[in-house]
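Working notes for the structure below.
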Amino acid sequence: MRTRFAPSPTGLLHVGGLRTALFNYLIAKKTGGTFILRIEDTDQEREEDGALENILSTLNWAGISPDEGVVLKDGKITELGDYGPYTQSNRLDIYKKYVKELVDNGHAYLAFDTKEELDQMREQEQKAGNPSPKYDYSIRMRMCNSLTLSSDEVSERLKKNTPHVIRLKTPEGRKIQAQDIIRGKVEFQSHTIDDAVLLKSDGFPTYHLANVVDDHLMEIDLVIRGEEWLPSLPKHILLYEAFGWKAPEFAHVPLLMNQGGGKLSKRQGDVSASIYSDKGYLPGVMINFLALLGWNPGTTEEIFTMSELIEKFSLDRIQKAGAVFDTEKLDWLQGQWIRRMTVIEFADLIRPIVAEKYPDANNDDNFLSRAGLIQERITFFNEAPEMFSYIYERPSIDKKLIANKKQKVTLDIVPKILSVIIEDLNCLGGGELDWNLENLKTTLFALAESKGYKNGQILWPMRAILTGLPYSPGAFEVAEILGREETLDRLKEAQKAF
RNA sequence: GGCCCCAUCGUCUAGUGGUUAGGACGCCAGGUUUUCAUCCUGGUAACAGCGGUUCGAUUCCGCUUGGGGCUACCA
Numbered sequence: 001m002r003t004r005f006a007p008s009p010t011g012l013l014h015v016g017g018l019r020t021a022l023f024n025y026l027i028a029k030k031t032g033g034t035f036i037l038r039i040e041d042t043d044q045e046r047e048e049d050g051a052l053e054n055i056l057s058t059l060n061w062a063g064i065s066p067d068e069g070v071v072l073k074d075g076k077i078t079e080l081g082d083y084g085p086y087t088q089s090n091r092l093d094i095y096k097k098y099v100k101e102l103v104d105n106g107h108a109y110l111a112f113d114t115k116e117e118l119d120q121m122r123e124q125e126q127k128a129g130n131p132s133p134k135y136d137y138s139i140r141m142r143m144c145n146s147l148t149l150s151s152d153e154v155s156e157r158l159k160k161n162t163p164h165v166i167r168l169k170t171p172e173g174r175k176i177q178a179q180d181i182i183r184g185k186v187e188f189q190s191h192t193i194d195d196a197v198l199l200k201s202d203g204f205p206t207y208h209l210a211n212v213v214d215d216h217l218m219e220i221d222l223v224i225r226g227e228e229w230l231p232s233l234p235k236h237i238l239l240y241e242a243f244g245w246k247a248p249e250f251a252h253v254p255l256l257m258n259q260g261g262g263k264l265s266k267r268q269g270d271v272s273a274s275i276y277s278d279k280g281y282l283p284g285v286m287i288n289f290l291a292l293l294g295w296n297p298g299t300t301e302e303i304f305t306m307s308e309l310i311e312k313f314s315l316d317r318i319q320k321a322g323a324v325f326d327t328e329k330l331d332w333l334q335g336q337w338i339r340r341m342t343v344i345e346f347a348d349l350i351r352p353i354v355a356e357k358y359p360d361a362n363n364d365d366n367f368l369s370r371a372g373l374i375q376e377r378i379t380f381f382n383e384a385p386e387m388f389s390y391i392y393e394r395p396s397i398d399k400k401l402i403a404n405k406k407q408k409v410t411l412d413i414v415p416k417i418l419s420v421i422i423e424d425l426n427c428l429g430g431g432e433l434d435w436n437l438e439n440l441k442t443t444l445f446a447l448a449e450s451k452g453y454k455n456g457q458i459l460w461p462m463r464a465i466l467t468g469l470p471y472s473p474g475a476f477e478v479a480e481i482l483g484r485e486e487t488l489d490r491l492k493e494a495q496k497a498f
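Written as structure tokens, this is what we have:
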């Protein structure tokens, strides 16, 4: 199947847009087809600098690379494929040619009304009791267009370059039926549809025209787009009919919503997909999360890689109702993904981040085992440097931290505890017993038992002194990682402070 | 207002004409003989309402309510 994602470069790529792109991508890949990226830059006023770059780089980050259309190649924006150009502003002649065809065969007409005249008409209609005035079959006969003007008057105006638009001539009294893969049959009455502008006075097409012409010319089989397009579906159906073209299949996916309800919008949080890459979420996590918003595999499985999604995704398991974009589960997913990595993958990812703060990490031969200790403890990679702090830097002695009510550690017993710990640890690593996790455990548990301390009374202060952190891997792990000499040094140093 | 779409725990969702309405996130409690995290166990919590159809509806139909979208020479 040939599917497409067709964003407008009017801002940063929205998470909802990313999800739509994902669904299109998954279907293309599942069917061994082609995923196309087309740029719908037909609104010159709303276009924003950098938006196109953001769309492409975000898709690229997410692992959704277009097979055709506007693509990123060696960091440069270029076009690929035989159906180009894929940027609508470069297709203006095409739209003009096709819209002329519509005018010639009577499915469209020229309209010369000014903005003021349109406003005036709407106002008058409302006063007259028409609650929803639109440029429709009854009103168009009172307006200034090629249906009401004589052909001489029309050519006169054209000669004078009078600004005008081209409108679709919506047929009267028609029932317009369409099939939506997600919603089934949807039906509209033609009298509720106004004569949509197809070509604007600046010569640019509107979405309605450009979208239909391009989907046809680019041989798109299936259009997956947001539900906000459902109300304009009849216009598109009418256009396909007017051209005599076979319409593609449609799937209008439910919208992503704000926590408080309403279409997900900027005002209420982070809706730009690139914010999530900036925050350190893994691209796979974002994809996994977005796929599960409005779709489920029918099993209780929840962790999916892109290739698993390609295998399992199907349109018939997409929800009809909108889904609240609630990122609590996103954090959980990130944790799950981190825990499912191999230690090597994990270490490779965090090493550069840790090294930014602690350059020693770059030549740390034990980095892998050290990374392993925090793999289950972090959700975001930017938490890593702090968790490595005690390894590359000796922490200062923090008596407030060392004293711990719950562990029954009071400052007055710390010196005694320290001296017995040091005494016993001295016997490790030098002689027959190696300095390793197992022996550290045996020794320290035996110590607690023989001297009548609770485990926590030995281990809490030891860990607090060694790391200077409220939370960290356990005392044994830390002592093993630091090594005999460093561990004993730190403990002796602490002794002096008491 | 008009047109269109939708409706199961707080959130994401499974589900069937007869189920103790299932799972996940979150939250709470307990456990994993030191903290934190992980992990494990348990708990909390839902079929919007009203009418039909039916022996029986959360499920099918209708209405109401509620939510959402669209209603531009924006997409």
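Quick note on numbering: the first sequence equals residues 1 to 498 in our numbering.
In this text, a Cβ means the ideal position worked out from N, Cα and C, and glycines have one as well.
Per-residue DSSP class, three states only, for residue i
i      : result
Asp180 : strand
Tyr109 : strand
Pro205 : strand
Gly50  : coil
Ala361 : helix
Phe476 : helix
Trp245 : coil
Leu147 : coil
Arg377 : coil
Lys496 : helix
Gln407 : coil
Ile318 : strand
Glu449 : helix
Phe23  : helix
Glu423 : helix
Thr87  : strand
Ile465 : helix
Ser307 : helix
Gln44  : coil
Asn288 : helix
Where residue i falls, given that 16 or more other Cβ within 10 Å makes a residue buried
i      : result
Lys235 : buried
Tyr25  : buried
Pro473 : buried
Arg167 : buried
Ala321 : exposed
Met141 : exposed
Leu411 : exposed
Arg19  : buried
Asp364 : buried
Tyr453 : buried
Thr114 : exposed
Thr58  : buried
Expected contact under 8 angstroms - CB spacing of residue i and residue j to nearest Å
i      : j      : result
His252 : Arg183 : 7 angstroms
Leu401 : Ala446 : That pair is no contact at about 26 angstroms.
Ala479 : Thr487 : 5 angstroms
Asn54  : Ser277 : Wrong, their Cβ atoms sit about 11 angstroms apart, outside the cutoff.
Trp337 : Gln407 : Going by Cβ atoms, the distance from Trp337 to Gln407 rounds to 34 angstroms, so no, they are not a contact pair.
Ser146 : Leu110 : 4 angstroms
Tyr390 : Gly269 : That pair is no contact at about 35 angstroms.
Thr443 : Asp424 : 5 angstroms
Leu293 : Ile181 : Contact doesn't hold; Cβ gap of about 18 angstroms is too wide.
Ala51  : Thr10  : 6 angstroms
Ala6   : Arg46  : Wrong, their Cβ atoms sit about 15 angstroms apart, outside the cutoff.
Val15  : Val324 : Their Cβ separation, rounded to whole angstroms, is 12 angstroms, which puts Val15 and Val324 out of contact at 8 angstroms.
Residues bridged to residue i (per DSSP)
i      : result
His14  : Ser272
Ile77  : Leu72
Ile391 : Ile391 pairs with nothing; no bridge assigned.
Leu433 : BP columns for Leu433 are empty, so no partner.
Glu116 : Answer is none; Glu116 lacks a bridge partner.
His252 : Arg225
Met257 : Lys263, Val324
Val197 : Arg167
Phe35  : Thr3
Val189 : It is Gln, not Val, that sits at residue 189 in the sequence shown. According to DSSP, which records beta bridges pairwise, Gln189 is partnered with Lys175.
Trp295 : Ile318
Cβ-Cβ distance between residue i and residue j below 7 angstroms
i      : j      : result
Val213 : Tyr358 : no
Glu68  : Thr34  : yes
Ile193 : Thr170 : yes
Phe289 : Leu330 : yes
Ala210 : Thr42  : yes
Val223 : Ser201 : no
His107 : Ala242 : yes
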